[in-house]
Amino acid sequence: MAPSSVKDNPVLWLVIWTVNNIGVTLLNKSAFKLVDFRYPYFLSFVHMLCNSLGAELVFRSIALDNIRMKADVNATPGLIQHSLGKIARKELDRRGQNLILAFSVIFSLNIAIGNVSLRYVSVNFNQVMRSLVPAITIVMGLMMGKKISTNRQISVIPVVIGVAMACFGDMSYTPLGFFYTVCCIMLAALKVVASGELLTGSMKLHPVDLLGHMAPLALVQCLFLAVVTGEVAQIMRRWDKELNPLVNSMPAIVVFASGLSSFSLNISSLMANKLTSPLTLCIAANVKQVVMIAVSTVMFNTEISPLNGAGIIVVLIGSARYSYVSVVEKIASQTPPVVEVAEKGEGNGADTESGAPAANKDAR
Numbered sequence: 003m004a005p006s007s008v009k010d011n012p013v014l015w016l017v018i019w020t021v022n023n024i025g026v027t028l029l030n031k032s033a034f035k036l037v038d039f040r041y042p043y044f045l046s047f048v049h050m051l052c053n054s055l056g057a058e059l060v061f062r063s064i065a066l067d068n069i070r071m072k073a074d075v076n077a078t079p080g081l082i083q084h085s086l087g088k089i090a091r092k093e094l095d096r097r098g099q100n101l102i103l104a105f106s107v108i109f110s111l112n113i114a115i116g117n118v119s120l121r122y123v124s125v126n127f128n129q130v131m132r133s134l135v136p137a138i139t140i141v142m143g144l145m146m147g148k149k150i151s152t153n154r155q156i157s158v159i160p161v162v163i164g165v166a167m168a169c170f171g172d173m174s175y176t177p178l179g180f181f182y183t184v185c186c187i188m189l190a191a192l193k194v195v196a197s198g199e200l201l202t203g204s205m206k207l208h209p210v211d212l213l214g215h216m217a218p219l220a221l222v223q224c225l226f227l228a229v230v231t232g233e234v235a236q237i238m239r240r241w242d243k244e245l246n247p248l249v250n251s252m253p254a255i256v257v258f259a260s261g262l263s264s265f266s267l268n269i270s271s272l273m274a275n276k277l278t279s280p281l282t283l284c285i286a287a288n289v290k291q292v293v294m295i296a297v298s299t300v301m302f303n304t305e306i307s308p309l310n311g312a313g314i315i316v317v318l319i320g321s322a323r324y325s326y327v328s329v330v331e332k333i334a335s336q337t338p339p340v341v342e343v344a345e346k347g348e349g350n351g352a353d354t355e356s357g358a359p360a361a362n363k364d365a366r
């Protein structure tokens, strides 16, 4: 059955997530070039600030909707509630609070370690290693007792190989960089699996509720990293002449536009994760990675070797294969099993082992 609304449509949320992801990446890269704002930890702090405020605005908008609909029975939900569904903030017990804190640490460390790894390895090496995230997600899922079919596991292999081919180029790295990059991809896979558990496990948090609980904690952690790494001190030194909005408004506009885009990205990411699976989101991330290569090639006149081009084709074919396997398995899981009816005795209408009357045998 087709999804009944925007909030139940996994394909739509995957498309929104992919577009947002590409948009945020291009915006951040353009920001670094246009305004020389090379402070990833502080930028992440701004992102988390926008996410915290955005989640609070969503809850306030829904609360006003509920008041309006109580006063007028003919009133309909507003755009936000129609798109995201009914959201009620859950009161977390001590275990829930600890899980949210752990998730916020994973979220912050994923950003921090990812940025550190780029200091010691080439971008291509970093991207090739990140193509292993779906495989690691499978391993983590199996370790947690999740059932992942052999067909789905095999379908991931071409995607991993294709991304490696598409990103192949300057593969320079150091032993320390290799260590940081391995930590980075482990955290990336862990973040996807953990968010999936919080959204669909025993807590069953709504994506906006999860963001509302997690973002303020990650905000503090990212600000701490920005202070420790000296980014805040560097910003203060450049404030009066370069970064003050009264002197030059462009840096503030670009940074906060990036923050607003990150809020939209996180909402669509969590919604897609809730409606699909962590592995599907990882595959979508790899497709996004290939699309980014194509977009960057057009925008920045980057040359693509025959091997890179073949890799892009392999990823697209592999992703299509994975999507097909996922859809077939999902349809199969939603189809009620056919009950085999075996008569006991000769046409006496006795019940079978399944509890179904033998007289209904021909009505299957």
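In terms of my numbering, the sequence shown opens at residue 3 and continues consecutively. Every residue, glycine too, gets a C-beta built ideally from N, C-alpha and C.
Shortest Cα-Cα distance from serine 54 to any of Leu262, Pro42, Gly98, Phe39 involves Leu262.
Scanning its chain for C-beta atoms nearer than 8 Å, with the 5 sequence neighbours on each side dropped, one finds around arginine 323 the residues Ser157, Pro160, in chain order. A distance below 8 Å between beta-carbons, with the five flanking residues on each side excluded, links threonine 176 to the following residues of its chain, in chain order: Tyr122, Val123. For a cut-off of 8 Å, the C-beta gap from phenylalanine 105 to methionine 216 is around 6 Å, short enough to register as a contact.
Below 8 Å, enough C-beta pairs join the segment 214-232 and the segment 44-51 to call them touching: three or more.
With respect to asparagine 23, leucine 267 sits close: the two C-beta atoms are nearer than 7 Å. A residue is called buried once 16 or more other Cβ atoms fall within 10 Å of its Cβ, and glutamine 83 is buried on that count.
Boundaries of the alpha helix (DSSP H) harbouring phenylalanine 226: 209-230, taken from the DSSP string. Taking a cut-off of 8 Å on C-beta distances, the segment 184-204 touches the segment 138-150, as three or more cross pairs fall below it. Below 8 Å, too few C-beta pairs join the segment 70-81 and the segment 235-243 to call them touching: fewer than three. Close CB contacts of valine 289 within its chain, under the 6 Å cut and outside five residues either way in sequence, are with Ser321 (chain order). Leucine 212 and threonine 20 have their C-alpha atoms some 20 Å from each other.
The C-alpha of isoleucine 64 lies about 20 Å from the C-alpha of asparagine 11. Isoleucine 113 carries a helical assignment under DSSP once its states are collapsed to helix, strand and coil.
Glycine 164 sits close to valine 316, with the two beta carbons spaced by under 7 Å.
Judged by DSSP secondary structure, alanine 57 falls within the alpha helix (DSSP H) whose first and last residues are 42-73. Judged by DSSP secondary structure, glutamate 233 falls within the alpha helix (DSSP H) whose first and last residues are 233-240. Asparagine 310 sits buried, since 16 or more C-beta atoms from the chains shown fall within 10 Å of its C-beta. The beta carbon of leucine 51 is closer than 7 Å to those of Leu221, Gly261 in its chain, skipping five residues each way along the sequence. The C-alpha of leucine 219 lies about 38 Å from the C-alpha of serine 335. At the C-beta level, threonine 27 and serine 119 stay beyond 7 Å of one another.
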